[in-house]
Each structure stands twice: as C-alpha cells, then as structure tokens.
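Residue numbers (the working numbering): 219 to 409.
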C-alpha cells in the first residue's frame with residue numbers, strides 16, 4: 219500500500235493532504251493523471267462579507283432551504299461540540315445531489331476540516347479510497363467586489379477514469395456552479 223500526497227494552497231497557507239493509494243501501478247497511473255479528474259466552479263459572491271458568505275455555506279444542514287442541487291439528508295455520529303459548526307469535523311452525513319439532467323444521487327460523506335471563513339473540506343465515504351478518493355473543497359477568499367468562492371472536487375483512483383469516460387465531470391462542475399449561483403441568490407434574499 220502507498221500514500222499519495224497532495225498539497226493545496228489556500229491564501230498563502232499550504233495544506234498537505236494524504237490519500238491512501240493502492241498498488242505501484244495505480245500510483246504510477248495516478249501520478250500520470252490517468253486515474254485523476256477534477257470538477258470545479260468559482261464565483262465571486264458580490265455585496266456580502268466573507269463572514270456572511272462563510273456562515274451561509276457552512277450551515278450545511280440548511281442547504282435544502284436555499285438550493286436545489288445539494289441537500290444534506292442526515293447526519294450520523296457528530297464528533298465534538300463546536301457550536302460554530304453545523305456538522306462537526308469527523309461526522310458522517312448523507313447528501314442528495316440533483317443534476318441538471320434530472321438524475322439524483324445519494325452518497326455518504328465525511329466532514330474532514332473546517333477553517334471558519336476560509337475552508338470547508340469533506341470527502342466521499344462510500345467506497346474504499348484506493349478505488350475512488352473524492353475530496354470536495356469550498357474555499358473563500360476576499361477579492362475586489364466580493365468574496366471568491368471556489369468549489370472543487372478531486373477524484374483519484376480507477377473510478378476517476380470511469381467518471382471522466384462517462385462524461386460526469388462537466389455535469390458535476392455544472393452542479394457546483396448552480397450551487398454557487400443559489401448561494402448568491404440566498405444571500406441577496408436576506409438583505
């Protein structure tokens with residue numbers, strides 16, 4: 219067994235992520251990009267502070283109230299008692315995703331890390347990570363005119379190739395863009 223190391227830079231801070239890998243062949247294929255895919259979207263949320271944008275996005279249990287793309291169905295085994303977090307780090311939750319083509323999926327996810335005002339990181343928990351490691355990030359950064367919110371998911375493993383081949387990556391990116399549009403509309407409606 220091997221470990222894949224990924225680095226993510228967030229406002230000048232580098233976070234190192236370790237993902238359990240599989241064989242040397244799989245590691246070589248991942249390194250070459252064969253077993254990797256990335257879905258992403260970004261939007262500048264205008265007229266709202268980073269604190270306000272973060273609070274709306276971090277309140278994941280309430281997503282169903284303002285967006286139709288992602289809905290948290292249940293939370294299992296919340297860890298810790300941090301009142302600033304809707305779902306505690308380490309907690310498992312079930313999410314329903316509705317895609318533009320009318321298809322819906324449900325998946326088990328795990329909240330990995332929350333840095334208030336900066337990062338939400340959760341991962342797919344439904345398969346062994348050597349088969350499909352899927353880590354989702356929402357990053358928040360002050361920019362001129364608002365808050366840049368980047369939503370992306372890194373897929374690593376043999377099933378990442380299948381997701382690319384079946385054309386799911388653009389659909390997932392579109393879903394992220396829909397979510398960010400809904401976040402802007404939700405914040406605007408609260409004014």
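Backbone N, C-alpha and C define an ideal beta-carbon position, used for all residues, glycine too.
inquiry  = At the level of alpha carbons, what is the spacing between residue 311 and residue 275?
reply    = 16 angstroms
query = According to DSSP, what are the bridge partners of residue 288?
reply = 315
query = Does DSSP put residue 321 in a helix, a strand or coil?
reply = coil
key: Outcome for residue 268 when other beta-carbon atoms lying within 10 angstroms are tallied against a minimum of 16   = buried
query = Which partner residues of residue 273 appear in the DSSP bridge assignment?
reply = Bridge partners of residue 273: none, in fact.
task = Could you tell me if residue 353 is buried or exposed, where buried requires 16 or more neighbouring beta carbons within 10 angstroms of its beta carbon?
result = buried
request  = Answer yes if the segment 336-346 comes into contact with the segment 315-323, meaning at least three C-beta pairs across the two stretches below 8 angstroms, and no otherwise.
outcome  = no
request  = Could you tell me which residues DSSP pairs with residue 309 in its beta bridges?
outcome  = Partner(s): none; residue 309 has no beta bridge.
ask   = Would you call the segment 358-365 and the segment 377-389 in contact, with 3 or more CB pairs under 8 angstroms?
value = no
ask   = Would residue 291 pass as a contact of residue 313 if the rule is Cβ separation under 8 angstroms?
value = In this structure, residue 291 sits near residue 313, with a CB-CB distance shorter than 8 angstroms.
query = Is the beta carbon of residue 337 sitting closer than 8 angstroms to the one on residue 357?
reply = yes
request  = Tell me whether residue 369 is buried or exposed, calling it buried when 16 or more other Cβ atoms sit within 10 Å of its Cβ.
outcome  = buried
ask   = For the candidate residues 316, 327, 339, whose alpha-carbon lies nearest to that of residue 392?
value = For residue 392, the nearest C-alpha among the options comes from 316.
task = Measure the alpha-carbon distance for residue 409 versus residue 294 and round it to whole angstroms.
result = 33 angstroms
message = Can you list, in chain order, the residues of its chain with a C-beta nearer than 7 angstroms to that of residue 398? Leave out the 5 residues immediately preceding and following it.
response = 259, 261, 367, 369
task = Tell me whether residue 361 is buried or exposed, calling it buried when 16 or more other Cβ atoms sit within 10 Å of its Cβ.
result = Here residue 361 is exposed, its C-beta having fewer than 16 other C-beta atoms within 10 Å.
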